[in-house]
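Right, one structure below, let's go through it.
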Amino acid sequence: MERKCNIDAKGKLFRFTIGLFSVFSGIIIISLFNLNMFISEEILIMGVFSIIGGLFAIWEAREGWCIVRAIGIRTPF
């Protein structure tokens, strides 16, 4: 699958914003877990995956490439 730019500036901004929100949310979730406000390990896993997903969205915004669009699904952004 060739990675060529398939999103415009609005899509890049949207993905970057969602990515930052996900990363910061994951950091907050993990911090609250470390402070024993959450005791479930599922919450910790959710925080880790939130950070991973957010970093991937930021990378997509930086590259101008969306994996969902690359497989043929049309997205509004």
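Start counting the sequence shown at 0; every next residue gets the next number (numbering that gives the first Met the number 0). We put the CB at the ideal spot given by N, CA and C, even for glycine.
Excluding residues up to 5 positions away in sequence, Val22, Gly25 lie with their Cβ nearer than 6 Å to the Cβ of isoleucine 50 in the same chain. A contact is defined here as three or more CB-CB pairs under 8 Å, and the stretch 12 to 22 meets this definition with respect to the stretch 54 to 61.
The closest CA to that of proline 75, considering only Lys3, Lys9, Arg2, Cys4, is found on Lys9. In the DSSP annotation of this structure, the continuous segment of the alpha helix (DSSP H) that includes serine 24 starts and ends at 8 to 33. When DSSP states are grouped into helix, strand and coil, isoleucine 72 belongs to the coil group.
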